[in-house]
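Contents: one structure, followed by commentary.
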Amino acid sequence: MNSAQVASRPPTDWASPKMRARIARRYRSESIFRNLGLFALVLAASFLAFLLFTVVRDGWQGFLSTDVKISVTYDPTLLGIDPAAAKGPDAQAALQAGDFQAVMAAGVAKLGDEADTVSEGAWLVLRKQLMEDPALLGKTVSVWVPAKSSIDLLAKGKFDLAKPELERGVSDADVAHFNDLKKAGLLRTGLSRIFITGADSTSPELAGIWGATVGSLLTLFVTLSLAFPVGVLSAIYLEEFAKRNRWTDLIEVSINNLAAVPSIIYGLLGLAVFLNFLDMPRSAPIVGGLTLALMTFPVIVIAGRVAIKSVPPSIRDAALGIGASKVQVVFQHVLPLALPGILTGTIIGMARALGETAPLLMIGMRAFVSDTPVGLTSPATALPVQVFLWSDDVARGFVEKTSAAIMVLLVFLLLMNSLAIYLRNKYERRW
Amino acid sequence: MSLTVISFLLVGLALLAYFIARAKGRALTARPGGTARTGAAAVHSRPAYHGSFVALWVALPALALIAGWAVVSEGVIADRVIDTVPAASRPATQLDRDAFMSEVRGVVNGEIEEAFNPDANPAAKVYVATKSNYNLLAGAAAAALAALGGLWGYSRLRPDFRARTAVEKVVMWTLILASLVAILTTFGIVLSLLFESIRFFQKVSIVEFLTGTTWSPQTAIRADQVGSSGSFGAVPLFWGTIFIGAIIAMIVAIPLGLMAAIYLTQYAHARARRILKPLLEILAGVPTVVYGFFAALVVAPAVRDFAVSLGMTNASSESALAAGLVMGIMIIPFVSSMADDAITAVPQAMRDGSLAMGATTSETIRKVLVPAALPGIVGGVLLAVSRAIGETMIVVMAAGLAANLTANPFQSVTTVTAQIVQLLTGDQEFDSAKTLSAFALGLVLFVITLLLNIYALAVVKRYREAYE
Chain P
1 MNSAQVASRP
11 PTDWASPKMR
21 ARIARRYRSE
31 SIFRNLGLFA
41 LVLAASFLAF
51 LLFTVVRDGW
61 QGFLSTDVKI
71 SVTYDPTLLG
81 IDPAAAKGPD
91 AQAALQAGDF
101 QAVMAAGVAK
111 LGDEADTVSE
121 GAWLVLRKQL
131 MEDPALLGKT
141 VSVWVPAKSS
151 IDLLAKGKFD
161 LAKPELERGV
171 SDADVAHFND
181 LKKAGLLRTG
191 LSRIFITGAD
201 STSPELAGIW
211 GATVGSLLTL
221 FVTLSLAFPV
231 GVLSAIYLEE
241 FAKRNRWTDL
251 IEVSINNLAA
261 VPSIIYGLLG
271 LAVFLNFLDM
281 PRSAPIVGGL
291 TLALMTFPVI
301 VIAGRVAIKS
311 VPPSIRDAAL
321 GIGASKVQVV
331 FQHVLPLALP
341 GILTGTIIGM
351 ARALGETAPL
361 LMIGMRAFVS
371 DTPVGLTSPA
381 TALPVQVFLW
391 SDDVARGFVE
401 KTSAAIMVLL
411 VFLLLMNSLA
421 IYLRNKYERR
431 W
Chain F
1 MSLTVISFLL
11 VGLALLAYFI
21 ARAKGRALTA
31 RPGGTARTGA
41 AAVHSRPAYH
51 GSFVALWVAL
61 PALALIAGWA
71 VVSEGVIADR
81 VIDTVPAASR
91 PATQLDRDAF
101 MSEVRGVVNG
111 EIEEAFNPDA
121 NPAAKVYVAT
131 KSNYNLLAGA
141 AAAALAALGG
151 LWGYSRLRPD
161 FRARTAVEKV
171 VMWTLILASL
181 VAILTTFGIV
191 LSLLFESIRF
201 FQKVSIVEFL
211 TGTTWSPQTA
221 IRADQVGSSG
231 SFGAVPLFWG
241 TIFIGAIIAM
251 IVAIPLGLMA
261 AIYLTQYAHA
271 RARRILKPLL
281 EILAGVPTVV
291 YGFFAALVVA
301 PAVRDFAVSL
311 GMTNASSESA
321 LAAGLVMGIM
331 IIPFVSSMAD
341 DAITAVPQAM
351 RDGSLAMGAT
361 TSETIRKVLV
371 PAALPGIVGG
381 VLLAVSRAIG
391 ETMIVVMAAG
401 LAANLTANPF
411 QSVTTVTAQI
421 VQLLTGDQEF
431 DSAKTLSAFA
441 LGLVLFVITL
451 LLNIYALAVV
461 KRYREAYE
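Line by line, the protein sequences are chains P and F. Residue numbering for the first sequence follows this note's numbering, beginning at 1 and increasing consecutively. Residue numbering for the second sequence follows this note's numbering, beginning at 1 and increasing consecutively.
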């Protein structure tokens, strides 16, 4: 189209029906496109909302448990405890060795038909009570002991009782016992101390989350104490001191790739190096922490470099100008100013490490651990692994325990991320 | 005395040395009656550096000695302990020795009440005695070394001594060592994967592994057992990984992620952006095990019911679709943030030019911004694929373990990562092909994600430079 043609073309009549229709079509497609964008976001958000809703709906009752009231006689002969020994210096050991299962069986038998409703591990409650108060020996007391899982679930209304027996997942006998106990006022549902303070168990009503939480904290402690110093020092070196050469390039390429390596590969590394080559203990927080530290430190290096780079050169020049050495400049001026940014990156990296499951499975932290871990080398499991283990369990009571464990995990993640955001907002400076 | 206690004592000693030497440094600075040459101005380093210098001389050589001793001590102690066992029943081979020593350690730690091997019980007492003697010896040697180092360091403190230079040299070496950890980790990954994979390929041919179409890693426990010869054709696993991670997940994640990024960067008000963006970040921060639980508990049954309503009678409760859908949703924030970066990097002038010509916003986005940002978006998608194929928990919990070579999304498929988890949990023998195959799978996964990452990062980088 040359200029003569352009000049001779009649001007577009924007008011013509044809042009109006065309503009209307274009505006329509504009609004469709815009709404598609909004739709994508709303879909993602509603998925998140649905996920959280499902977890909370299934999980909040996981923090509760149902107890049955039984009357127990701490009969010394039945317990096999010598009353004299129970007052002696080794009282606790003597009480510990008592046959509480027999006492429980005797107490439960008084319930008659409803004897089947008590958890198999209820004797642990009796032992704890007697060890805390040895004066109860020989006396008869009424005690609240955990009910078995199906009664617990009945109390929480988890079964659709309108369905026939085979489809609803609970037997008619259990339903009848439950109704009898409830009528007699022998049931109560409340906050479960076992879940909050206990460790893993094969029965849902005796399983607790505290063991896995401690395992996670120990693991994260190792991760933080290794990954943070190494990551920060490494970032300082690369950003402030390294000369551009082949070695530095190799380090940079390594760090960028390590940040993107699938986490399960770190698990394989941990298995081959820490467990097989260095012969470290399986399922131990120290090995889990080491493995996660290798995974987390590239994240810290990358965040650290960004934070260090954002400190303006004038700060360095000023310090150098009054006679500070390069090391003094970095450690006394640049690092304190970059620290909020580094800490934010570190917390985000630690939050990722807390939610990581696959590498821990590789190094054996999926073992069944029924004790709360006490040290860095004792067998432990971690929160996400506990979620995985419980979600794999066929017992129906574990569904709510899994969701409850997820709630605990998410609360920890939320706390860490809020801390990161707080630090960023409070201390970050724009130069 | 355990080595940990000795190490802590050494650190305490170093702290003490720091304060003493710093006091000496102060004394040097504050010498009364000094002239310009001999007074305060002539001291080269500040007192803290004098302190650090001596502290380093106290701590480093002694701690190095303890670390070295920690590495060799178990072997030396084991030799001494085994020498005390009567010659007739002394364990001969390395394997026997290891078993014997682990029994002894079990008795010492109280894990075992009574050892199976009668010799282990007396040996446990010898072990405790030998260990405490040797550790005491090591502690004494370390203390002597610390004292010598401290004295020598202290004797060098003079006004003109360059303590700062010496301390900074140590700091520099620490920095270099810290950054070498990255290279060590990379080599550690490569070597451990390669080493075990080579052992695997000595048992199973590499051609069969990469091209075979049957995967059933159960090797026979007894040689005469029937039907469990084990076959290691990994093609079904590669297909399952690609099917879930690169096809189904991307069908979900690319449109949703891209549209979300477009809405956030081009349409949303600043206030809406402030709310919506963290929302996506939360989606990215949910642990994968939670997604896996959700996929297995909610999505998989829904997908199966849907398949049944379509008339599929053999719909399985673990399906490629369920895992892929949830994985796609997990990847949305990742795709969205990469696309966000790519679109924002397009120069404002291009956008303004298009709008000035009368194009609507959506026309500008479709015809100008997205084509201009395409290399960046493609790079981001490749990174997302590499993330998806390395993802483990969702597929372990929702995709199943049946190695099917199928394009039916309602059937169960398995992936490389799910098989690695399956092969390496439970009992392991480190010389069986079954266990070693996990490392070969890991090697393939590592190489593929590495290539994807390097290529994608190069694409993204070149794209950024084009607009700078």
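All C-beta atoms in this analysis are idealised placements derived from N, C-alpha and C, irrespective of residue type, glycine included.
P:Leu292 is a Cβ neighbour of P:Ala353, given a cutoff of 8 Å. Nearest C-alpha to F:Ser102 among F:Thr417, F:Ala323, F:Ala123: F:Ala123. Contact annotation: F:Leu325 and F:Ile248 have beta-carbon atoms nearer than 8 Å. With the rule of 3 Cβ pairs closer than 8 Å, the stretch 389-397 of chain P does not count as touching the stretch 412-425 of chain F. In its chain, beyond the 5 residues on either side, Ala307, Ile308, Val311 have a beta carbon closer than 6 Å to the beta carbon of P:Ala338.
A direct Cα-Cα distance of roughly 11 Å separates P:Thr377 from P:Gly215. Each of P:Ser263, P:Ile264, P:Gly288 was checked against the Cα of P:Leu275, and the nearest Cα belongs to P:Gly288. Rounded to whole angstroms, the separation of the alpha carbons of P:Pro204 and P:Phe398 is 5 Å. Contact between P:Val118 and P:Ile70 is confirmed by a C-beta separation of about 7 Å, below the 8 Å threshold.
It is roughly 16 Å from the alpha-carbon of P:Arg34 to the alpha-carbon of F:Ala270. For F:Phe200, the closest C-alpha among the options F:Leu180, F:Val447, F:Gly442 is that of F:Gly442.
A direct Cα-to-Cα measurement between F:Pro61 and F:Gly68 gives close to 11 Å. Taken in chain order, the complete alpha helix (DSSP H) segments of 4 or more residues contained in the stretch 138-177 of chain P are 149-155, 165-168. Across the structure, F:Ser7 and F:Arg80 are spaced so that their CA atoms are roughly 24 Å apart. C-alpha of F:Pro236 to C-alpha of F:Leu451: approximately 21 Å in a straight line. In this structure, F:Gly400 sits away from F:Thr417, with a CB-CB distance that is not shorter than 8 Å.
Within the same chain, Leu154, Leu161 come within 7 Å of P:Val175 by CB-CB distance, once the 5 residues on both sides are set aside. Linking F:Ile189 to F:Glu281 through their CA atoms gives a straight-line distance of about 30 Å. F:Phe195 counts as exposed, since fewer than 16 other beta carbons sit within 10 angstroms of its beta carbon. Secondary structure note for P:Leu43: its alpha helix (DSSP H) is the uninterrupted segment 17-59. The C-alpha of P:Ile251 is placed about 7 Å away from the C-alpha of F:Leu180.
In the DSSP annotation of this structure, P:Thr77 is not part of any beta strand (DSSP E); the continuous alpha helix (DSSP H) holding it starts and ends at 76-79.
When only Cα atoms are considered, P:Thr381 and F:Gly150 end up about 44 Å apart.
Contact with chain F is absent for P:Met350, since none of that chain's Cβ atoms lies less than 8 Å from the residue's Cβ.
Using a Cβ-Cβ cut-off of 8 Å, F:Pro375 does not count as an interface residue toward chain P, since no Cβ of chain P sits closer than that to its own. With contact defined as three or more Cβ pairs closer than 8 Å, the stretch 24-44 of chain P and the stretch 257-267 of chain F are in contact. For the stretch 248-269 of chain F, residues whose beta-carbon sits nearer than 9 Å to a beta-carbon of chain P comprise Pro255, Leu256, Gly257, Leu258, Met259, Ala260, Ala261, Ile262, Tyr263, Leu264, Gln266, Tyr267, Ala268.
Contact annotation for F:Glu196 against chain P: Ala272 [CB-CB distance below 7 Å, chain order].
Taking 3 residues as the shortest admissible run, the stretch 362-400 of chain P contains no complete beta strand (DSSP E) segment at all. The residues Pro91, in chain order, have a CB closer than 6 Å to that of F:Arg97 in the same chain once the five nearest residues on each side in sequence are set aside. According to the DSSP assignment, P:Gly288 belongs to no beta strand (DSSP E) but to the alpha helix (DSSP H) extending over 285-309. The alpha-carbon of P:Asn179 is positioned some 16 Å away from that of P:Arg168. At a beta-carbon threshold of 7 Å, the residues of chain P lying near F:Asn453 are Asn257, Ala260, ordered along the chain.
Taken in chain order, the unbroken stretches of alpha helix (DSSP H) that lie wholly in the stretch 377-430 of chain F and span 4 residues or more are 393-398, 416-424. With 16 or more other CB atoms across the displayed protein chains lying within 10 angstroms of its CB, F:Ser316 is buried. Contact of F:Val85 with chain P by beta-carbon distance below 9 Å is absent, the smallest such distance being about 22 Å.
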